[in-house]
Amino acid sequence: MQRRAINAAITGWGKCLPPAVLTNADLTTILDTTDEWITTRTGIRERRISHVPLGDMAHVAAARALACAGLEGKDIDLIVFGTCSHDDQVPNMASGVQLRIGAHAAAAMDVNTACTSFLYGLSSAAGMIRSGVVRNALVIGAELISPFMDWRDRNVAVLFGDGAAAVVLQASDRDEGVLAEKLGCYADAREMLRVHGMGGRYANQGTLYGVTRWQFEGQEIFKRAVHGMSAACESVLTTLGVTAEGVDLVVPHQANLRIIEAVAKRMRVPMERVFVNVQRYGNMSAATVPVALCEAVEEGRVAPGALLLLPGFGGGLSYCAHAVRWGERVTPLGTSSLELPPTDRTALELIRDVSARKTRAASSTVM
Ligand code: ACO
Numbered sequence: 008m009q010r011r012a013i014n015a016a017i018t019g020w021g022k023c024l025p026p027a028v029l030t031n032a033d034l035t036t037i038l039d040t041t042d043e044w045i046t047t048r049t050g051i052r053e054r055r056i057s058h059v060p061l062g063d064m065a066h067v068a069a070a071r072a073l074a075c076a077g078l079e080g081k082d083i084d085l086i087v088f089g090t091c092s093h094d095d096q097v098p099n100m101a102s103g104v105q106l107r108i109g110a111h112a113a114a115a116m117d118v119n120t121a122c123t124s125f126l127y128g129l130s131s132a133a134g135m136i137r138s139g140v141v142r143n144a145l146v147i148g149a150e151l152i153s154p155f156m157d158w159r160d161r162n163v164a165v166l167f168g169d170g171a172a173a174v175v176l177q178a179s180d181r182d183e184g185v186l187a188e189k190l191g192c193y194a195d196a197r198e199m200l201r202v203h204g205m206g207g208r209y210a211n212q213g214t215l216y217g218v219t220r221w222q223f224e225g226q227e228i229f230k231r232a233v234h235g236m237s238a239a240c241e242s243v244l245t246t247l248g249v250t251a252e253g254v255d256l257v258v259p260h261q262a263n264l265r266i267i268e269a270v271a272k273r274m275r276v277p278m279e280r281v282f283v284n285v286q287r288y289g290n291m292s293a294a295t296v297p298v299a300l301c302e303a304v305e306e307g308r309v310a311p312g313a314l315l316l317l318p319g320f321g322g323g324l325s326y327c328a329h330a331v332r333w334g335e336r337v338t339p340l341g342t343s344s345l346e347l348p349p350t351d352r353t354a355l356e357l358i359r360d361v362s363a364r365k366t367r368a369a370s371s372t373v374m
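Add 7 to the 1-based position in the sequence shown for my numbering, that's all there is to it.
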């Protein structure tokens with residue numbers, strides 16, 4: 008008997024952005040930088056700083072995505088949590104969401120490829136749906152960068168922000184969902200982006216986990232990002248047998264407006280067909296693509312049946328691109344009332360707290 012091909016369709020989407028806004032003007036009060044430098048070099052105007060742990064943001068995003076799909080936690084067979092800024096390594100982040108949404112029968116795993124973690128997670132979940140292992144999956148991209156940021160380093164502190172988003176993937180026999188993908192990694196360039204103090208190896212060097220220093224070769228990462236994302240997009244389009252003309256909307260990783268423009272130029276896709284929200288949130292690493300996807304749908308930029316292209320790159324240096332055929336529905340089936348707890352802390356107060364904790368930790372470290 009011939010089995011019908013199973014596709015993995017996106018049927019739910021939800022985001023969670025913490026309320027505290029850190030503007031470029033705020034950054035000029037703690038760093039030797041200007042709004043003009045940040046805006047012209049990156050396109051970023053503001054970013055969010057979280058007052059809650061990563062798992063709380065992910066829980067809200069997951070609840071919203073589930074409600075959007077008209078599902079409950081018990082309907083979910085698999086949770087994939089993409090992040091590099093875990094609250095905990097053990098137990099994993101996905102099991103925390105599983106418990107909170109009541110997905111008792113689900114498998115739960117984390118994926119870490121830095122900024123591409125959501126997209127790598129999308130492939131993992133889509134692959135398990137296509138092979139019939141699971142039918143309903145929740146894929147999360149969430150990141151809490153602010154505690155791991157070196158707030159004294161203007162080269163990186165202006166670039167990143169916190170946030171979370173999730174999608175529900177469901178088995179479908181229609182021609183929709185994740186249609187093609189290309190994943191890769193320039194391992195020879197892995198030292199171009201290293202966060203010292205985010206792993207156990209630094210304990211031997213007298214660094215406490217979380218007391219971070221960023222090794223970040225911006226210009227080289229820029230070149231590899233453009234190359235990797237463009238090549239992955241070409242590969243995906245070739246697999247599908249379509250040209251860039253056939254792509255309705257590109258929803259790329261949002262690290263830097265100039266990188267996005269360079270990829271669009273190489274792909275010969277006009278910027279009108281590229282979704283950009285980097286100005287509002289900066290680089291939220293794994294959260295950027297799913298947050299951008301949510302906002303593209305909310306803003307009416309995704310028509311029923313639209314062909315989307317999702318290119319990404321991140322530490323590793325990993326890169327990828329996914330082609331997604333959107334389904335017929337562009338509105339949520341339901342909404343969730345779950346919210347983050349309110350805060351009266353400003354973004355600057357939150358990062359001052361983090362910086363003070365790091366300084367105390369560093370000064371109490373025994374070499
Ligand atoms: N404010 C003011 N001046 C600054 C700042 C700042 N925030 N940061 C750097 N500068 C200075 C530099 O010191 C340098 O000064 P100098 O010429 O006196 O030495 C000058 O600005 C130019 O610096 P460049 O590094 O040449 O600036 P560039 O135009 O390359 O832009 C940037 C830097 C924005 C980092 C860019 O290279 C970039 O976006 N790279 C991609 C990085 C990225 O997005 N990575 C994401 C991956 S992260 C992940 O996967 C987890």
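Beta carbons: idealized from backbone N, C-alpha and C, even for Gly.
Subject >> For N31, the three-state DSSP class (helix, strand or coil) >> reply: In the structure shown, N31 sits in a helix (DSSP, three-state: H, G or I).
Original post:
Should S343 be counted as a contact of the ligand ACO given a C-beta to heavy atom distance under 7 Å?
Top reply: Checking every heavy atom of the ligand ACO against the Cβ of S343, none is found closer than 7 Å.
**OP:** Please look up how many angstroms separate the CB atoms of A173 and A293, rounded, as I've assumed it's under 8 Å.
**Re:** 11 Å between Cβ atoms; not a contact.
Original post:
Quick one: is the Cβ of T245 within less than 7 Å of any heavy atom of the ligand ACO?
Top reply: Answer for T245: no, Cβ out of range of the ligand ACO.
Subject >> Contact set for A303: own chain, Cβ-Cβ below 7 Å, skip 5 residues either direction >> reply: Taken in chain order, the residues that qualify are L256, V258, F282, V309.
Original post:
Quick one: is V87 buried, meaning 16 or more other Cβ sit within 10 Å of its Cβ, or exposed?
Top reply: Here V87 is buried: its Cβ has 16 or more other Cβ atoms, across all protein chains shown, within 10 Å.
Original post:
Using the beta-carbon count (16 or more within 10 Å), is H111 buried or exposed?
Top reply: Under this definition H111 is an exposed residue.
**OP:** Run the CB neighbour count on S344, radius 10 Å, all protein chains shown included, and call it buried at 16 or more, exposed below.
**Re:** S344 should be labelled exposed.
**OP:** Might you give, ordered along the chain, the residues of its own chain that have their beta carbon closer than 6 Å to the beta carbon of Q105, omitting 5 neighbours on each side?
**Re:** Counting only residues of its own chain and dropping the five nearest sequence neighbours on each side, Q105 has a CB closer than 6 Å to the CB of I86, A113, A115.
Original post:
Should C75 and G21 be called a contact, given that it needs their Cβ atoms to be closer than 8 Å?
Top reply: Contact flag set, yes.
Subject >> Delimiting residues of the alpha helix (DSSP H) encompassing Y326 >> reply: Careful: Y326 lies outside any alpha helix (DSSP H), inside the beta strand (DSSP E) at 325 to 332.
Subject >> Residues that DSSP places opposite S57 in a beta bridge >> reply: Note: S57 is not bridge-paired with any residue in the DSSP secondary-structure output.
Subject >> Integer Cβ distance of A68 from C122, believed to fall under 8 Å >> reply: Your pair A68 and C122 does not check out as a contact, with CB atoms roughly 17 Å apart and the cut at 8 Å.
**OP:** Indicate the three-state DSSP secondary structure (helix, strand or coil) for M374 in the structure shown.
**Re:** Legend: pLDDT at M374 = 44, less than 50; position of this residue unreliable, value from coordinates given subsequently. In the structure shown, M374 sits in coil (DSSP, three-state: anything other than H, G, I, E or B).
Original post:
Does the segment 275 to 289 come close enough to the segment 326 to 342 to have 3 or more Cβ pairs within less than 8 Å?
Top reply: Contact between the segment 275 to 289 and the segment 326 to 342 is absent: fewer than 3 CB-CB pairs across the two stretches fall below 8 Å.
**OP:** Kindly list the residues whose CB is nearer than 6 Å to the CB of K365, restricted to its own chain and excluding five residues on each side of it in sequence; keep chain order.
**Re:** Correct list, in chain order: V218.
Subject >> Short Cβ contact (8 Å threshold) for I152 with S92 >> reply: Contact flag set, yes.
Original post:
In whole angstroms, what is the alpha-carbon distance linking A70 and T342?
Top reply: Taking the straight line from one Cα to the other gives about 9 Å.
Original post:
When the cut-off is 8 Å and only beta carbons count, does A187 lie next to chain D?
Top reply: In the displayed structure, chain D is absent; only one protein chain is listed.
**OP:** Out of D63, A210, A144, I45, point me to the one whose CA is closest to D82's CA.
**Re:** If we check each option's Cα against that of D82, A144 comes out closest.
Original post:
By Cβ distance, which residues of its chain are closer than 6 Å to Q222, with the 5 residues on each side in sequence left out?
Top reply: Answer for Q222: R201, listed in chain order.
Subject >> Separation of N211 from M374, as counted between CA atoms >> reply: Its pLDDT being 44, under 50, M374 is placed unreliably in this model, and the coordinates cannot settle the point.
Subject >> Runs of alpha helix (DSSP H) wholly within the segment 64 to 152 (minimum 4 residues, chain order) >> reply: Runs of the alpha helix (DSSP H) inside the segment 64 to 152: 100 to 108, 124 to 137.
Original post:
How would you write the range of the beta strand (DSSP E) that Q226 sits in, first residue to last?
Top reply: For Q226, no beta strand (DSSP E) run applies; the uninterrupted alpha helix (DSSP H) run containing it begins and ends at 225 to 247, by DSSP.
Subject >> the segment 227 to 241 touching the segment 167 to 182, judged by at least three CB pairs closer than 8 Å >> reply: Judged by Cβ distances under 8 Å, the segment 227 to 241 makes no contact with the segment 167 to 182, as fewer than three pairs qualify.
**OP:** For F167, name the three-state secondary structure that DSSP assigns.
**Re:** Per DSSP, reduced to three states, the secondary structure at F167 is strand.
**OP:** Could you give the DSSP three-state label for W158: helix, strand or coil?
**Re:** W158 falls in the coil class under three-state DSSP.
**OP:** With DSSP collapsed to three states, give me the class of E188.
**Re:** Three-state DSSP puts E188 in a strand.
Original post:
Using the rule of at least 16 other Cβ atoms within 10 Å of the residue's Cβ for burial, across every protein chain shown, is N119 buried or exposed?
Top reply: Burial check for N119: the Cβ neighbour count within 10 Å reaches 16 or more, so the residue is buried.
**OP:** Measure the C-alpha to C-alpha separation of R367 and T214 and round it to an integer number of angstroms.
**Re:** Computed Cα separation, rounded: 12 Å.
Original post:
What residue does the beta strand (DSSP E) around R265 start on, and which one ends it?
Top reply: In the DSSP annotation of this structure, R265 is not part of any beta strand (DSSP E); the continuous alpha helix (DSSP H) holding it starts and ends at 264 to 274.
**OP:** Can you give me the Cβ contacts of G253 inside the same chain, cut-off strictly under 7 Å, excluding the 5 residues immediately before and after it?
**Re:** Taken in chain order, the residues that qualify are L314.
**OP:** Would you list the residues sitting across from R352 in a DSSP beta bridge?
**Re:** Listed as beta-bridge partners of R352 by DSSP are no residues whatsoever.
Original post:
Start and end of the alpha helix (DSSP H) containing T46?
Top reply: Per DSSP, T46 is one residue of the alpha helix (DSSP H) stretching across 42 to 49.
Original post:
the ligand ACO heavy atoms versus the CB of A368: any closer than 7 Å?
Top reply: Flag unset: Cβ of A368 not near the ligand ACO.
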